[in-house]
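Undergrad:
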Amino acid sequence: MTALAGVFSFGMAGAEDRCARMLRAQAIYGPHGEAQWSGGPVAMGRALYRLLPEDRLDRGPVVSADGARVLVADVRLDNRPDLGRELGLSVAEAGGLSDAALLMTALERWDEDALERLVGDFAFALWDAGRQRLMLARDPMGQRPLHHHRGEGYFAFASLPKGLHALEDIPRAARAGSVADFLALMPETGEESFFEGIDRTPAGHVTLITPGRVVTRDHGRPRERPIRFRRDADYAEALVEHLETAVRARLRVSGGAVATHLSAGLDSSSVAATAARLMDPDRLIAFTASPAGEWPDTPDSFSDEWPLASATAELYPNIDHVRISPGAVSPLDGLDRNVFLYDRPLMNLCNAVWTDAINSAAQGRGVRVMLTGQMGNFSLSHAGEEVLAGLARQGRWLALARLAAALHAGGRRWRGVARLTLGPFLPGPAWRLARKIFGGAPGLEIHSALRASAVESFDIRRRAAERGLDPDYPPWADGAAMRRWGLRRVDLGNYNKGALAGWGGDYRDPTADRRVIEYCLNIPEEQFILGGQPRSLQRRAFAGRLPAAVLCETRKGAQGADWSLGLVAARPQLEAELARLAEDPQAAAVVDLERLGAALSNWPQTGWSDPETVRQYRVVLLRAVSAGHFLRRASGRNT
Numbered sequence: 000m001t002a003l004a005g006v007f008s009f010g011m012a013g014a015e016d017r018c019a020r021m022l023r024a025q026a027i028y029g030p031h032g033e034a035q036w037s038g039g040p041v042a043m044g045r046a047l048y049r050l051l052p053e054d055r056l057d058r059g060p061v062v063s064a065d066g067a068r069v070l071v072a073d074v075r076l077d078n079r080p081d082l083g084r085e086l087g088l089s090v091a092e093a094g095g096l097s098d099a100a101l102l103m104t105a106l107e108r109w110d111e112d113a114l115e116r117l118v119g120d121f122a123f124a125l126w127d128a129g130r131q132r133l134m135l136a137r138d139p140m141g142q143r144p145l146h147h148h149r150g151e152g153y154f155a156f157a158s159l160p161k162g163l164h165a166l167e168d169i170p171r172a173a174r175a176g177s178v179a180d181f182l183a184l185m186p187e188t189g190e191e192s193f194f195e196g197i198d199r200t201p202a203g204h205v206t207l208i209t210p211g212r213v214v215t216r217d218h219g220r221p222r223e224r225p226i227r228f229r230r231d232a233d234y235a236e237a238l239v240e241h242l243e244t245a246v247r248a249r250l251r252v253s254g255g256a257v258a259t260h261l262s263a264g265l266d267s268s269s270v271a272a273t274a275a276r277l278m279d280p281d282r283l284i285a286f287t288a289s290p291a292g293e294w295p296d297t298p299d300s301f302s303d304e305w306p307l308a309s310a311t312a313e314l315y316p317n318i319d320h321v322r323i324s325p326g327a328v329s330p331l332d333g334l335d336r337n338v339f340l341y342d343r344p345l346m347n348l349c350n351a352v353w354t355d356a357i358n359s360a361a362q363g364r365g366v367r368v369m370l371t372g373q374m375g376n377f378s379l380s381h382a383g384e385e386v387l388a389g390l391a392r393q394g395r396w397l398a399l400a401r402l403a404a405a406l407h408a409g410g411r412r413w414r415g416v417a418r419l420t421l422g423p424f425l426p427g428p429a430w431r432l433a434r435k436i437f438g439g440a441p442g443l444e445i446h447s448a449l450r451a452s453a454v455e456s457f458d459i460r461r462r463a464a465e466r467g468l469d470p471d472y473p474p475w476a477d478g479a480a481m482r483r484w485g486l487r488r489v490d491l492g493n494y495n496k497g498a499l500a501g502w503g504g505d506y507r508d509p510t511a512d513r514r515v516i517e518y519c520l521n522i523p524e525e526q527f528i529l530g531g532q533p534r535s536l537q538r539r540a541f542a543g544r545l546p547a548a549v550l551c552e553t554r555k556g557a558q559g560a561d562w563s564l565g566l567v568a569a570r571p572q573l574e575a576e577l578a579r580l581a582e583d584p585q586a587a588a589v590v591d592l593e594r595l596g597a598a599l600s601n602w603p604q605t606g607w608s609d610p611e612t613v614r615q616y617r618v619v620l621l622r623a624v625s626a627g628h629f630l631r632r633a634s635g636r637n638t
């Protein structure tokens, strides 16, 4: 990874010095050397974090052969061989280029059309002197961040907001509206960052800057190219091939160990199994979070993922399986560090306890690459249950009856089948009534401690509608549309940067590979629920590569089932934090502090696994504390 910075001046002097200050402010994200270029109205630079073998070739800003274009890039290209062939480069020629230099070659050949040919994680800035135009771009999944500020007489960009805050005329102030969106679980698809005066190029977008205009447009929508095979088995075989390609590309590293998150779920298990096969006989470290003590299971979930994760690890002799059990660690211990590393509030403080513990253990073992399966729900392991509503919409009643019966025979309750089949077609009031009858995801007021006045003042429901979010969460009638929407719901760029700076591990997600996603979006939806078995495609594809117990498990792992141990330990910190939030006007205007205070007053003595207790304390309380703390710290009001 690389930290970027640059200034496009419309008459203001000092662009080179400003760029240097922004780079220094981001040194934790690029400790292996800074390099800068300036010419005319522009100064650009990068601070390198060496992770790839080709990073030894990186000399900083890349200048085109004719000197008319200059590029700074935070990039890992996962289709280097394909790009080299398309560009007419020999293997030796392509091998002599850093990823940034190869990207520049592609941009010289195809200009903006190059974006459609790139596979990998990237954020870059390209200065075109001939057009007097600066172009910023991010990869379709937003794995690398890129922020910017339009000031009086200049435009500045940096990987993280802290780079822009190195400029004295950009005040450090939290954007309350963005934090309200965060509490409402709003899709992070807009341009607003979590700081006033700072915007971001959204995932899969380009921002074009000329002296009189700034325009942002989408470039990264997955392509629609229907894929049809003769046999059902062909779809499963192709999925394995695509995942192998994606994992192999993400194993490229310059020294250090490779590790993976390994849960009991299908996505991380598929990634770990694939990596182990490709790396053999080299070692793969697999980390599994496991609760301290014994915790109750439910009909829909199980508390300890270690046994099933161990079954996967035992299939592959080159996996070193490591159990992580943080125990009674306060989820509030990392609040200040989170703001510093991520420049944004953290969504799930309880999960951060065990992910931070994994990161620390990985750092101690010299891990440089951490594989994940975060986007698998929208690619590999899509359940396919939206097919029910699709069949109803098409009037295919016999096929619908057969699928419904197969789902029921497999353990799905009839009311759940009815909810998925009819829910997408019900008007809002009818759906809310049906939700009470059928059960399901709660509405905004139940799952969020966003103050009612803030819902109105920030026009949350209108903004949600503009981003395709119904806070009452009715089911979808179109599985492909749901996945396209879900793929961009969370912007992971800042999280990935923070994990690298904090622990030295580069998070890479093969399930977010463009080729994998486009394959999964373009095959028939029925392949995901063949024979009435949700996630049928992945279960068929990895039969023989994963244990039968993992393939057959239909319950979900309860991540961090021992979360209450840390929360109980954090009670004094919670009381102190809520007192500080009450003294902060911005936090008090956004967060429903009375509701949080009532939660503390009605502190449970038992029953921490009760669903309502989990919702009120693990979800509502801690997410609100994360948001409120960010509002305090991000604006510098607390010393």
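Going by numbering that gives the first Met the number 0, the sequence shown opens with residue 0, and the numbers climb by one from there.
C-beta: ideal position from N, C-alpha, C; glycine also.
Predicted model, so just to flag it, every value in this text is computed and none were measured.
Bridge partners for His164 per DSSP, in chain order?
TA: Position 165 of the sequence shown holds residue 164. DSSP, once it has assigned bridges, lists no residue as partnering His164.
Undergrad: What does a CB cutoff of less than 7 Å around Arg58 pick up in its chain, not counting 5 residues either side in sequence?
TA: Counting from 1 along the sequence shown, the entry for residue 58 is found at position 59. Within the same chain, Arg58 has close Cβ partners Ala34.
Undergrad: Kindly indicate which three-state DSSP category Gln558 falls into: helix, strand or coil?
TA: Taking the first residue of the sequence shown as position 1, residue 558 is located at position 559. Note: Gln558 maps to coil in three-state DSSP.
Undergrad: Quick check: the Cα distance between Met346 and Val62, rounded to an integer number of angstroms?
TA: For the purposes of this step, residue 346 is taken as the residue at position 347 of the sequence shown. For the purposes of this step, residue 62 is taken as the residue at position 63 of the sequence shown. Roughly 39 Å between the two C-alpha positions.
Undergrad: Could you give the first and the last residue of the continuous alpha helix (DSSP H) run that contains Thr104?
TA: Here residue 104 corresponds to residue number 105 of the sequence shown, with the count starting at 1. Per DSSP, Thr104 belongs to the alpha helix (DSSP H) from 98 to 109.
Undergrad: Assuming the contact rule is C-beta atoms closer than 8 Å, Ala388 and Thr420 should be a hit. Round their C-beta distance to whole Å, please.
TA: Along the sequence shown, read from residue 1 onward, the residue named residue 388 stands at position 389. Along the sequence shown, read from residue 1 onward, the residue named residue 420 stands at position 421. Confirmed, about 6 Å.
Undergrad: Looking only at its own chain, which residues have a Cβ that is under 7 Å from the Cβ of Ala498, when we skip the five neighbours before and after it?
TA: Counting from one through the sequence shown, the residue named residue 498 turns up at place 499. Asn358, Gly504, Tyr506.
Undergrad: At 4 residues or longer, what runs of the alpha helix (DSSP H) sit wholly inside the stretch 406 to 490?
TA: List check, alpha helix (DSSP H) in window: 413 to 421, 427 to 437, 443 to 446, 451 to 456, 459 to 465, 478 to 485.
Undergrad: Assuming Val252 contacts Pro509 under a Cβ cut-off of 8 Å, what Cβ separation, rounded to an integer in Å, is found between them?
TA: Along the sequence shown, one-based indexing puts residue 252 at 253. Along the sequence shown, one-based indexing puts residue 509 at 510. The pair is not a contact, with the Cβ atoms about 14 Å apart (cut-off 8 Å).
Undergrad: Between Gly559, Leu592, Arg544, which lies nearest to Ala235 when the distance is taken from Cα to Cα?
TA: The sequence position of residue 235 within the sequence shown is 236, counting from 1. Of the candidates Gly559, Leu592, Arg544, the one whose C-alpha sits nearest the C-alpha of Ala235 is Arg544.
Undergrad: Once the 5 residues before and after Met374 are set aside, which same chain residues still bring their CB inside 6 Å of it?
TA: Locating residue 374 in the sequence shown gives position 375, counting from the first residue. For Met374, where only same-chain residues beyond five positions count, the Cβ hits under 6 Å are Asp508, Thr510, Ala511.
Undergrad: Can you tell me which of Glu223, Ile284, Asp81 puts its alpha carbon nearest to the alpha carbon of Glu313?
TA: On the sequence shown, residue 313 is found 314 positions in, with the first residue counted as 1. Checked all of Glu223, Ile284, Asp81; the closest Cα to Glu313 is Ile284.
Undergrad: Measure the CB-CB distance between Arg395 and Val257 and report whether it falls below 9 Å.
TA: Residue mapping note: residue 395 aligns to position 396 of the sequence shown, counting from 1. Residue mapping note: residue 257 aligns to position 258 of the sequence shown, counting from 1. In this structure, Val257 does not lie closer than 9 Å to Arg395 by Cβ.
Undergrad: Considering just the uninterrupted stretch of the beta strand (DSSP E) at Ala34, what are its terminal residues?
TA: Translated into positions along the sequence shown, residue 34 becomes position 35. Element bounds for Ala34: 33 to 38.
Undergrad: Excluding the 5 residues flanking Leu406 on each side, which residues of the same chain have their C-beta closer than 6 Å to its C-beta?
TA: For the purposes of this step, residue 406 is taken as the residue at position 407 of the sequence shown. If we look at Leu406 and ignore the five residues flanking it on each side, its Cβ neighbours are Val416, Gly531.
Undergrad: Exposed or buried, Glu384, counting other C-beta atoms within 10 Å across all chains shown (16 or more means buried)?
TA: The residue labelled residue 384 in the question sits at position 385 within the sequence shown. Classification of Glu384: buried, given that the 10 Å Cβ count is 16 or more.
Undergrad: Cβ of Leu163 within 9 Å of Cβ of Met21?
TA: If you number the sequence shown from 1, residue 163 lands on position 164. If you number the sequence shown from 1, residue 21 lands on position 22. Yes, the pair counts as a contact, with Cβ atoms nearer than the cut-off.
Undergrad: For Ala327, I'd like the list of residues in its chain whose CB is within less than 6 Å of its CB, leaving aside the five on either flank, ordered along the chain.
TA: Walking along the sequence shown from the start, residue 327 turns up at place 328. Leu564, Gly565, Ala568.
Undergrad: What span of residues does the beta strand (DSSP E) with Arg68 cover, start to end?
TA: For the purposes of this step, residue 68 is taken as the residue at position 69 of the sequence shown. Residues 68 to 76.
Undergrad: Taking only the alpha-carbon atoms, compute the straight-line gap between Arg554 and Val613 and give it to the nearest angstrom.
TA: For the purposes of this step, residue 554 is taken as residue 555 along the sequence shown, with counting starting at 1. For the purposes of this step, residue 613 is taken as residue 614 along the sequence shown, with counting starting at 1. If I take the Cα positions, the gap works out to 18 Å.
Undergrad: For the ligand GTP, is there any heavy atom lying closer than 8 Å to the beta carbon of Pro160?
TA: What this structure holds is no ligand at all, so the ligand GTP is not there to describe.
Undergrad: Would you kindly work out how many angstroms separate the C-alpha atoms of Val590 and Arg579, rounded to a whole number?
TA: Locating residue 590 in the sequence shown gives position 591, where the first residue counts as 1. Locating residue 579 in the sequence shown gives position 580, where the first residue counts as 1. Going by the C-alpha atoms only, they are around 12 Å apart.
Undergrad: What number of angstroms, rounded off, separates the C-alpha of Leu599 from the C-alpha of Ala575?
TA: The residue given as residue 599 occupies position 600 in the sequence shown. The residue given as residue 575 occupies position 576 in the sequence shown. Taking the straight line from one Cα to the other gives about 11 Å.
Undergrad: Does Glu191 come out as helix, strand or coil in the three-state DSSP assignment?
TA: Position 192 of the sequence shown, counting from 1, holds the residue named residue 191. Reduced to three states, the DSSP call for Glu191 is strand.
Undergrad: Answer yes or no: do His381 and Leu536 have a C-beta to C-beta separation smaller than 9 Å?
TA: Taking the first residue of the sequence shown as 1, we reach residue 381 at position 382. Taking the first residue of the sequence shown as 1, we reach residue 536 at position 537. Against a cut-off of 9 Å, the Cβ pair of Leu536 and His381 comes out as a contact.
Undergrad: Return helix, strand or coil for Arg636, following the three-state DSSP convention.
TA: Within the sequence shown, numbered from 1, the residue matching residue 636 stands at position 637. With a pLDDT of only 43 at Arg636, under the threshold of 50, the placement of this residue in the model should not be trusted, and no figure is reported.
Undergrad: Return the residue from the list Ala275, Ala4, Val178, Lys161 that minimises the CA-CA distance to Arg622.
TA: The count along the sequence shown starts at 1 and reaches residue 622 at position 623. Ranking the options by Cα distance to Arg622, first place goes to Val178.
Undergrad: With a CB to CB cut of under 6 Å and the five nearest residues on each side skipped, what residues in its chain are close to Phe154?
TA: Numbered from its first residue, the sequence shown carries residue 154 at position 155. Within the same chain, Phe154 has close Cβ partners Phe7, Ile208.
Undergrad: Ignoring anything shorter than 4 residues, give me the alpha helix (DSSP H) runs that lie fully in the stretch 337 to 370, in order along the chain.
TA: Counting only runs of 4 or more, we get 348 to 363.
Undergrad: Taking buried to mean at least 16 other C-beta atoms within 10 Å of its own C-beta, is Gly627 buried or exposed?
TA: Sequence index remark: in the sequence shown, residue 627 carries index 628 (1-based). Buried is the call here.
Undergrad: Using the C-alpha atoms, what's the distance from Leu125 back to Arg17?
TA: Start at 1 with the first residue of the sequence shown, and residue 17 comes out as number 18. Start at 1 with the first residue of the sequence shown, and residue 125 comes out as number 126. Those two C-alpha atoms are separated by around 18 Å.
Undergrad: With DSSP as the reference, label Phe121 as helix, strand or coil.
TA: On the sequence shown, residue 121 is found 122 positions in, with the first residue counted as 1. If DSSP states are grouped into helix, strand and coil, Phe121 belongs with the strands.
Undergrad: One question on the structure: do Pro80 and Gly141 come within less than 9 Å of each other, judged by their Cβ atoms?
TA: Taking the sequence shown and counting its residues from 1, the one referred to as residue 80 is at position 81. Taking the sequence shown and counting its residues from 1, the one referred to as residue 141 is at position 142. Contact flag unset, no.
Undergrad: Using only alpha-carbon positions, find the residue among Glu151, Asp561, Pro225 that is nearest to Phe9.
TA: The residue labelled residue 9 in the question sits at position 10 within the sequence shown. Of the listed residues, the one whose Cα sits closest to Phe9 is Glu151.
Undergrad: Using alpha carbons as the reference points, say which of Pro221, Leu50, Thr1, Arg171 lies closest to Ile522.
TA: Start at 1 with the first residue of the sequence shown, and residue 522 comes out as number 523. The shortest Cα separation from Ile522 among Pro221, Leu50, Thr1, Arg171 belongs to Pro221.
Undergrad: In the DSSP output, which residue or residues are listed as bridge partners for Phe154?
TA: By 1-based counting over the sequence shown, the position of residue 154 is 155. Partner(s): Phe7, Arg149.
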